[in-house]
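Read through the structure below, which is laid out as structure tokens, and then see the notes.
In the working numbering, the protein residues as written are 1 to 422.
What follows is the structure, given as structure tokens:
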């Protein structure tokens with residue numbers, strides 16, 4: 001689960017820095033819809049320019065810094081590059097942290113000695129800035145404010161922990177991870193809260209939140225960080241306890257999706273494959289990676305469409321966004337179906353409740369579940385300004401519908417289910 005946690009954290013940082021850029025673009029402009037959309041477009045353009053157009057060129061140029069023999073000159077050059085990246089991000093109305101983040105993403109540090117050399121030269125600066133971060137964190141908290149925000153902390157902390165243990169773990173399980181590993185991933189996400197402090201600081205600068213909410217954020221992050229190790233060390237007992245509470249139809253529906261997505265989401269160890277299978281796997285891995293990348297880009301674009309629709313007041317604008325989202329959703333659906341059909345032979349059929357289970361039926365069920373939830377998300381975003389929270393009923397209706405469809409497949413297979421849900 002360590003590799004999965006690292007991937008989630010990197011993606012979380014990517015999205016968080018993007019949102020920080022949007023907030024930075026709103027400084028002095030208020031929270032009107034048009035500045036929000038403009039800031040989002042500028043941040044997206046900055047990401048696309050650096051990652052898409054300049055990624056390869058800048059990566060090769062950064063490799064040339066390895067030729068510098070002077071360690072002092074090497075450190076000064078990279079400090080200048082970090083500052084330059086921050087200034088470039090600020091020119092797009094993006095948070096300077098986004099520039100430094102993207103500089104690290106495009107640098108070939110993982111493929112050469114560049115990363116080790118950067119860490120060695122800039123480690124002292126990292127420690128200094130880390131100390132400054134915790135100093136600022138400590139200065140943020142006012143001990144006398146704990147009495148005011150304690151009831152809210154006692155309410156939100158258990159809900160947050162429950163969200164990570166149930167929702168995050170369930171999503172990890174549906175993505176193909178074994179149930180104990182999925183629960184460990186959910187527990188590992190509990191202490192993640194440093195960006196909440198940055199959001200609170202930005203919100204206070206923009207005049208959108210009061211000081212009490214900033215104090216609550218600080219104490220919330222502090223308490224979550226203290227409680228996280230206890231949950232991370234006791235995931236096995238938690239798994240055994242939660243396993244008894246999950247109804248059989250829900251467990252079967254989750255197992256059906258998890259088994260279908262596992263070959264796509266979880267890498268197969270080369271030791272588990274024969275020589276011929278290894279050659280076939282390596283031959284198709286690049287194609288699958290490219291296909292998955294296109295689906296991920298389509299999903300990110302769909303999320304951007306939904307976010308923009310939430311902030312668009314005109315019905316004609318939301319109708320155009322709905323049409324755009326439907327086109328993206330059609331492409332995602334076709335790509336997902338092709339990808340699942342291609343890896344259908346790699347499914348671990350021992351996880352199915354019976355050897356007579358139909359893998360093609362599992363693929364169709366998983367595709368329908370994914371596409372229907374994305375469709376409801378798109379409809380909810382475009383109709384939110386008209387119907388408000390009533391749009392969330394679509395998600396509540398989908399859950400029993402899909403559990404019922406999975407249970408009908410289970411009954412058609414005429415075998416009792418083996419408990420394997422999270």
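For glycine and all other residues, C-beta sits at the position ideal for the given N, C-alpha and C. Quantities reported herein were computed from a predicted structural model and do not represent experimental measurements.
Along the alpha helix (DSSP H) that carries residue i, what are the first and last residues, could you check?
i	result
residue 234	Element bounds for residue 234: n/a, residue is neither H nor E.
residue 101	96-106
residue 162	146-162
residue 128	114-140
residue 342	315-342
residue 409	393-413
residue 185	179-188
residue 384	359-387
residue 74	71-91
residue 425	Because residue 425 is not part of the residues shown, which for the chain are 1 to 422, the question remains open.
Do you know whose CA, among the options, lies nearest residue i's CA?
i	options	result
residue 403	381, 254 and 370	254
residue 314	386, 377, 190 and 147	386
residue 329	370, 170 and 124	370
residue 89	235, 51, 11 and 236	51
residue 367	340, 92 and 252	340
residue 409	391, 363 and 392	363
residue 360	333, 342 and 241	342
residue 59	107, 101 and 68	107
residue 336	162, 121, 261 and 104	261
residue 297	48, 349, 12 and 259	48
residue 97	195, 299 and 324	195
residue 398	373, 171, 191 and 411	373
residue 301	44, 5, 11 and 9	44
residue 74	154, 118 and 83	118
residue 213	72, 85 and 146	146
residue 69	177, 87 and 114	114
residue 351	83, 176 and 94	176
residue 348	400, 259 and 303	259
residue 242	11, 170 and 61	170
residue 400	247, 320 and 303	247
residue 299	327, 316 and 318	327
In its own chain, which residues sit with a C-beta less than 6 Å from the C-beta of residue i, not counting the 5 before and 5 after it?
i	result
residue 216	149 and 152
residue 322	382
residue 391	380, 383 and 384
residue 312	318
residue 172	182 and 185
Return the Cβ separation of residue i and residue j in integer angstroms, given the expectation that the two are a contact with Cβ distance under 8 Å.
i	j	result
residue 220	residue 166	Rounded, the Cβ-Cβ distance is 19 Å, inconsistent with contact.
residue 228	residue 191	4 Å
residue 94	residue 134	Not really, about 25 Å apart at Cβ, beyond 8 Å.
residue 65	residue 76	Contact doesn't hold; Cβ gap of about 11 Å is too wide.
residue 85	residue 100	5 Å
residue 211	residue 205	At roughly 12 Å, the Cβ-Cβ gap does not stay under 8 Å, so residue 211 and residue 205 are not in contact.
Sorted by chain position, which residues of the same chain lie with C-beta nearer than 7 Å to residue i's C-beta, five sequence neighbours on each side aside?
i	result
residue 236	180
residue 381	306, 309 and 310
residue 81	103
residue 71	121
residue 263	343, 346 and 347
residue 41	none
residue 67	none
With a CB to CB cut of under 8 Å and the five nearest residues on each side skipped, what residues in its chain are close to residue i?
i	result
residue 238	165, 183, 187 and 231
residue 406	249, 252, 253, 256 and 365
residue 394	376, 379 and 380
residue 295	332, 335, 336 and 339
residue 141	215, 218, 219 and 222
residue 168	185, 186 and 189
residue 324	305
residue 125	79
residue 161	190, 224, 227 and 231
residue 163	none
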